[in-house]
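> Taking full-length UniProt numbering, the leading residue of the sequence shown gets 1, the next gets one more, and so forth. Let me give you the structure first, and then I'll get to my questions.
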Amino acid sequence: MKSVFITFDQAHYTQIVETLDKLSCRGYSYFEQMRGRGSKTGEPHYGSHAWPSMCSAIITMVDDDKVEPLLKRLKQMDEAKPQLGLRAFVWTIEQSV
Numbered sequence: 001m002k003s004v005f006i007t008f009d010q011a012h013y014t015q016i017v018e019t020l021d022k023l024s025c026r027g028y029s030y031f032e033q034m035r036g037r038g039s040k041t042g043e044p045h046y047g048s049h050a051w052p053s054m055c056s057a058i059i060t061m062v063d064d065d066k067v068e069p070l071l072k073r074l075k076q077m078d079e080a081k082p083q084l085g086l087r088a089f090v091w092t093i094e095q096s097v
């Protein structure tokens with residue numbers, strides 16, 4: 001099992017949730033308002049007067065065979081609108097309750 005942590009501009013929310021549904025990635029936790037700045041490109045998401053946009057995040061636990069299809073779709077979303085910002089990180093889950 002893997003954990004996929006996805007950070008994204010709030011404009012991506014509906015498309016990401018639809019992608020999780022289509023891939024049968026049922027369980028996730030959603031963090032609606034986060035602030036941050038990408039490490040390489042894109043606009044900061046500070047929720048301020050100068051940088052008003054905000055970002056969000058979703059963390060989901062998925063079977064190993066679902067990781068690549070999920071990352072492929074997320075990459076397509078990011079490439080379609082690179083200025084919005086979208087990143088995904090994968091960790092191995094060793095145990096869970």
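Beta carbons: idealized from backbone N, C-alpha and C, even for Gly.
How about the segment 36-54 and the segment 88-95: do they share at least three Cβ pairs that are nearer than 8 Å?
no
> Need the endpoints of the beta strand (DSSP E) that residue 120 sits in, please.
In the structure as shown, the chain starts at 1 and stops at 97, and residue 120 therefore has no counterpart that could be examined.
> Give me the DSSP bridge partner(s) of Arg37.
Residue pairing from DSSP leaves Arg37 without any beta-bridge partner.
> Specify whether the segment 50-65 and the segment 6-17 touch according to this definition: at least 3 beta carbon pairs, one from each stretch, less than 8 Å apart.
Proximity of the segment 50-65 to the segment 6-17 meets the contact definition, three or more beta-carbon pairs being nearer than 8 Å.
> Compute the Euclidean distance between the alpha carbons of residue 98 and Asp65, then round it to the nearest angstrom.
For residue 98 there is no data in the structure shown, the boundaries of the chain being 1 and 97.
> Alpha carbon to alpha carbon, what distance is there between Pro52 and Lys22?
31 Å
> For Arg87, decide whether its Cβ has a neighbour in chain D, counting only Cβ atoms nearer than 8 Å.
Of the protein chains in this structure there is only one, and it is not chain D.
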